[in-house]
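Contents: one structure, followed by commentary.
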Amino acid sequence: MSSTYQPNPTTPDLSILQPEFRDFIANFPDTIETAQTADVVVKFMRSIPPRPHNDPRITKQDVQVSSPNASLTQPPVNVRIYSPVGVDSARPLPVLLWMHHGGFFSAGPRRLDPFCSAIAADANIVVVAPAYRQTPENPFPAPFDDCYQVLQWLLTSPEIARYAIDNTRLAIGGSSVGGTLAFGLALRERLDRVETGTVHPLIRLLILDDTSFTDAPNTYSTRHNPINKIWNANVTRYSWQLYLPNGADALDPATQAYVVPARATDLTGLPPTLVLCAQWDDLTDDAVAFAGHLLQVGVPTEIHTYRGTFHVSDKLLPNATSSIRKRQDIVNALLATHHMREEYNTTKLQRAAANIQRVRALSRLISENKEGTPAALRGVSKRRAQDPTRTERIRFGAHHGEMKFGVRRDRAALPHAGRHHDREAPGQSYKFQRRPTGERIKNQKHSYQIIGSNTD
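Here the sequence shown stands for residues 1 to 456, where the numbers follow full-length UniProt numbering.
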């Protein structure tokens, strides 16, 4: 079946959205929804100005990052650095490298000021946002090379000391095509480790937010997404055509793997991954399927869907309740990741409250997805709800260790790795099923795969 999107002739029922989003969608121009050429979409999206934003908790610096390799002629990359106020270079902070959304052809770090500022302040980390070159003027490999240059700068340049950055505690992520670029960086970093013989991964957490995983989407959510004013299958197709004018097939297989996530055949060795997706987004089913692939090869993975939201709704309306919740989920993942944990300097009362929240969330998750959930895990959740300070040992997949505050103490992992978490109430509830014994992956005790959605 063709994945080409056809404009919806009727106005969608806006009651499917969170109340805070309904007026925004009702009043948003239908330019993207009805556009028949990429030029129309590019011109319209570039015409949307960034909103001024100043957060007194952070400072912003615009710098140029040159290639650490003097033999390369790569041009400098403009980067915006968000740092908590009062940061001390003697006590460097963890860093998040975040790639912006915009279909490879629009947006930029300035449109991410509310998001990056909040993450930097709430997680007490430094956020680095590159202004990578845009299509159609600069197709692949320019956008990826810019982001890779910034990653190498973070990993190898002594200049980062002046910005109080600790590159041993590095996370990367991005929204929409920014997530596509973030995945590519993680895969390239893994390949670099193989070539150099480095054992330990240099990236401790990967965040894929409303990410575009494939250049040829053809899923239920692609064909039946009623909220098309912001993003739709045609725009997905346009963005990939502008990024890869000759198509992905023109690239060699090794390059395809880190340019188009769905074409990567070996996902082993990737860092713990947080996958975030909207309920009403043509990219959602691909995100869920990709999370399943990560789980199958033993990558600690957590996936969240947000009821009543649409593509990058949290970036367009950052003060909406679900947008704040999504940012908090990202902050929690950063804090829960082992290398970030020591920066969690909140009071014991705040920690206890956060723990209770996680227990309730895990209990709600298990009640909604009983099929395929180990009885041992349900028991742990029940006992932890009765005694939030309880510490137990539990084996889940190939990863096990002491569990406390929902964090695996013996590895960098996510609070509820291996589970799907639908915030608030089921919008799309995905089932997880234990694979038959004969299909176990390596030495994993339990391996889970996503077997369907109740919307298809």
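Quick reminder that beta carbons are idealized off the backbone N, C-alpha and C, glycines included.
All values reported here derive from a predicted model rather than from experimental measurement.
query	result
Bounding residues of the beta strand (DSSP E) (the contiguous stretch that carries Gln-61)	58-65
Per-residue burial, Glu-195 [other beta carbons within 10 Å of its own, 16 or more giving buried]	exposed
Buried or exposed by the 16-neighbour rule on C-beta atoms within 10 Å, applied to Pro-158	exposed
Ser-176, buried or exposed, once every other Cβ within 10 Å from all chains shown has been counted against 16	buried
When Phe-213, Arg-188, Asn-228 are compared against Gln-152, the one with the closest alpha-carbon	Arg-188
Option in Arg-91, Arg-57, Gln-36 with minimal Cα separation from Val-85	Arg-57
Cβ distance (whole Å) where Val-126 is taken to contact Ser-83 below 8 Å	5 Å
Neighbour-count burial assignment, Ile-25, 16 or more Cβ in a 10 Å radius	buried
Contact check, Val-77 vs Tyr-163, beta carbons under 8 Å	no
Cα-Cα separation between Ile-160 and Arg-91, rounded to whole angstroms	13 Å
Other residues of its chain near Asp-314: CB distance less than 6 Å, five sequence neighbours each side excluded	Ser-323, Lys-326
Asn-225 versus Ser-106 - alpha carbon distance	23 Å
Top-ranked residue by Cα proximity to Pro-141, from Ser-47, Trp-240, Phe-115, Pro-49	Trp-240
Any 3 or more C-beta pairs closer than 8 Å across the stretch 244-251 and the stretch 269-281	no
Close Cβ partners of Thr-37 (< 7 Å) along its chain, the five nearest in sequence each way excluded	none
Nearest neighbour of Arg-169, chosen from Pro-94, Ala-120, Phe-104, Pro-143 [CA to CA]	Pro-94
Simplified DSSP assignment, three categories, for Ile-125	coil
Touch test, the stretch 109-120 against the stretch 253-270, Cβ-Cβ under 8 Å, three pairs minimum	no
Residues bridged to Met-99 [DSSP beta-bridge criterion]	Gly-174
Distance cut-off 7 Å: Arg-193 Cβ against heavy atoms of the ligand FAD	Looking for the ligand FAD in the displayed structure turns up nothing, as the structure carries no ligands at all.
Classification of Ser-47 by the beta-carbon crowding that lies within 10 angstroms, buried from 16 upward	exposed
Span of the beta strand (DSSP E), counted from its first residue to its last, around Phe-213	Unbroken run through Phe-213: none, as it is neither H nor E.
Chain-order list of residues whose beta-carbon lies under 7 Å from that of Arg-263 (same chain, five-residue window excluded)	Ala-248, Gln-256, Ala-257
Beta-carbon proximity check, Ala-171 vs Thr-301, cutoff 8 Å	no
Selected residue, minimal CA-CA separation from His-53, among Arg-111, Thr-73, Val-128, Leu-17	Arg-111
Identified DSSP bridge partners for Ile-324	BP columns for Ile-324 are empty, so no partner.
Paired residues, beta bridge with Ile-165 - DSSP	Leu-93
Residue range of the alpha helix (DSSP H) that includes Pro-19	19-27
Alpha carbon of Asp-88 to alpha carbon of His-311, nearest angstrom	37 Å
Burial state of Ala-35 (16 or more Cβ within 10 Å)	buried
For Ala-131, the three-state DSSP class (helix, strand or coil)	coil
Proximity of Ile-207 and Gly-184 at Cβ, strictly below 8 Å	no
Straight-line gap, Phe-44 to Gly-197 (C-alpha atoms, nearest Å)	47 Å
Cβ neighbour criterion (16 or more within 10 Å) applied to Thr-219	buried
DSSP beta-bridge partners of Leu-208	Gly-174, Val-275
Exposure label - Asn-124; buried when at least 16 CB within 10 Å	buried
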